[in-house]
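Numbering (my numbering), first residue to last: 1236 to 1390. All C-beta atoms in this analysis are idealised placements derived from N, C-alpha and C, irrespective of residue type, glycine included.
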């Protein structure tokens, strides 16, 4: 029996968490791990107490034909990474790894590219997270957060 790697295990957990996502475009799940302990999880969806897009049945960005990755201020959802960070204390996140999985909401297919948006990258930097590992259609990708810090304004 082949034993699953820890990265694959935590990416599987992130994929399970995205089962709670409520976006009509993309479903994301995030898991923050430190010292082989899950610190928090998050998925994309509306703020607590507000109606989710999958319940309302419409997406403002789709109605306005906004391309993927643009005009996030029109979206009512909080991103999976943001929800995971909100649920954890910074001292526990320093030096941690964030695992992120994403699927297309319509097809259920794993996304070709899964990468945090600019706002999430900024939050990940400030949270003290060390690296981000994502699941893509072709496997996994590892991003070192320090590379984002060094890139500065070119993020």
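- Under the Cβ criterion (8 Å, minimum of three pairs), the stretch 1243-1257 counts as touching the stretch 1323-1343.
- Between the beta-carbon of residue 1312 and that of residue 1275 there is about 18 Å, and that puts the pair past the 8 Å contact cut.
- Taking the Cα positions, residue 1345 is about 21 Å away from residue 1294.
- Contact annotation: residue 1366 and residue 1383 have beta-carbon atoms that are not nearer than 8 Å.
- Separation of the CB atoms of residue 1249 and residue 1316 is rounded to 10 Å, and the pair is thereby denied contact status at 8 Å.
- Linking residue 1267 to residue 1361 through their CA atoms gives a straight-line distance of about 14 Å.
- In this structure, the alpha-carbon of residue 1332 lies about 29 Å from that of residue 1289.
- Checking the DSSP bridge columns, you'll see residue 1278 partnered with 1264.
- For residue 1324 and residue 1262, the gap between their C-alpha atoms comes out near 24 Å.
- In this model, residue 1319 and residue 1237 are separated by some 30 Å (Cα to Cα).
- The C-beta separation of residue 1246 from residue 1368 comes to about 7 Å, placing the pair in contact by the 8 Å criterion.
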